[in-house]
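**Q** In terms of my numbering, the sequence shown opens at residue 15 and continues consecutively.
All C-beta atoms, glycine included, are put in the ideal place defined by N, C-alpha and C.
Note that the structure is predicted; figures quoted are calculated from it, not measured.
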Amino acid sequence: MNSGLPAGWTIEHVRALSGDPSAAPLSFDRLVVVEVAGQDDYEPLRPDVILAFHELCLVRNDGEWFMGQLDDDGSVICWASYGSNLAEAIRSL
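Here's what the structure looks like:
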């Protein structure tokens with residue numbers, strides 16, 4: 015299930031860098047949205063990678079990593095883009 019990760023990355027590397035031994039990729043069968051500043055609506059994302067770190071998630075959409083929270087129903091609500099660098103996004107957890 016590492017196929018969606020950037021070149022050179024494994025889930026073990028993600029776990030080591032994040033300090034979360036339970037970090038895991040999630041399936042795409044869930045709603046993933048990002049909050050839009052100044053609007054009541056959410057913008058749907060079409061991620062190609064979803065990584066869970068307990069209740070937090072990193073979601074890659076069009077090459078950008080978004081930080082979000084895993085909801086009780088399995089959906090992910092993101093609040094901001096943390097750029098295209100996975101290592102920097104992980105350090106923001």
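#1: Of the choices ALA66, SER89, ASN75, whose alpha-carbon is the least far from that of PRO35?
#2: Where PRO20 and GLU102 are concerned, what is the direct C-alpha to C-alpha distance, given to the nearest angstrom?
#3: Can you pull the DSSP bridge partners for ALA66?
#4: Mind checking which residues open and close the alpha helix (DSSP H) that includes ALA101?
#5: Quick check on ASN16: does DSSP put it in helix, strand or coil?
**A** From the atom records:
#1: As a working mapping, residue 35 is identified with position 21 in the sequence shown. Checked all of ALA66, SER89, ASN75; the closest Cα to PRO35 is ALA66.
#2: Counted from its first residue, the sequence shown places residue 20 at position 6. Counted from its first residue, the sequence shown places residue 102 at position 88. Rounded to the nearest angstrom, the two C-alpha atoms are 13 angstroms apart.
#3: Stepping through the sequence shown from its first residue, residue 66 is reached at position 52. Beta-bridge pairing links ALA66 to ALA38, CYS71.
#4: Counted from its first residue, the sequence shown places residue 101 at position 87. Unbroken alpha helix (DSSP H) run through ALA101: 100-105.
#5: Reading the sequence shown from its first residue, position 2 is the one you call residue 16. Residue placement at ASN16 cannot be trusted, given a pLDDT of 48 that sits under 50; what the coordinates show is reported in the next sentence. Per DSSP, reduced to three states, the secondary structure at ASN16 is helical.
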